[in-house]
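Undergrad: Take a look at this one; I'll ask things after.
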Amino acid sequence: HQEMRYPGRVSGSTLFNPDFVQLARAYGLHATRVERTADFAPALAHALSGEGSALIVLAIDPEAITPRTTLAALRAAAARGQGT
């Protein structure tokens, strides 16, 4: 991740995703968006119980780079010259 070498110097484009739930529904798929961990199991059960394809869109915190580190932690480590 570029934050390890160049903290705070974001380079690139801001991209916006289409509404994948609406797109999937337009093609006849069951689709839902999950924003809370507690809502995932019911959404998965519903997707698995139906016929045909299904889509579950998972909204995650953009600060979470991996399950073990955050963008803020990468920036702090880079500022200390430690990397990860």
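Following our numbering, the numbering of the sequence shown begins with 4 at its first residue and continues without gaps. Glycine residues also receive a C-beta, built at the ideal position from the N, C-alpha and C atoms. In this text, all values refer to a predicted model and were calculated from it rather than measured experimentally.
#1: Counting only the same chain and skipping the five closest in sequence on each side, list residues whose C-beta sits under 7 angstroms from that of residue 93.
#2: Taking 7 angstroms as the limit between beta carbons, can you name the residues of its chain near residue 67, skipping five residues before and five after?
#3: Please state whether DSSP places residue 72 in a helix, a strand or coil.
#4: How many Å lie between residue 54 and residue 83 at the Cα?
#5: Can you tell which of 37, 23, 17, 20 has the C-alpha that lies nearest to the C-alpha of residue 63?
TA: So, from the data block:
#1: What is shown of the chain runs 4 to 87, which leaves residue 93 out entirely.
#2: By one-based count along the sequence shown, residue 67 stands at place 64. Taken in chain order, the residues that qualify are 73.
#3: For the purposes of this step, residue 72 is identified with residue 69 of the sequence shown, where counting begins at 1. Residue 72 falls in the strand class under three-state DSSP.
#4: Start at 1 with the first residue of the sequence shown, and residue 54 comes out as number 51. Start at 1 with the first residue of the sequence shown, and residue 83 comes out as number 80. Residue 54 and residue 83 have their alpha carbons spaced roughly 53 angstroms apart.
#5: Start at 1 with the first residue of the sequence shown, and residue 63 comes out as number 60. Selection 37, 23, 17, 20 evaluated against residue 63 yields 37 as nearest (Cα-Cα).
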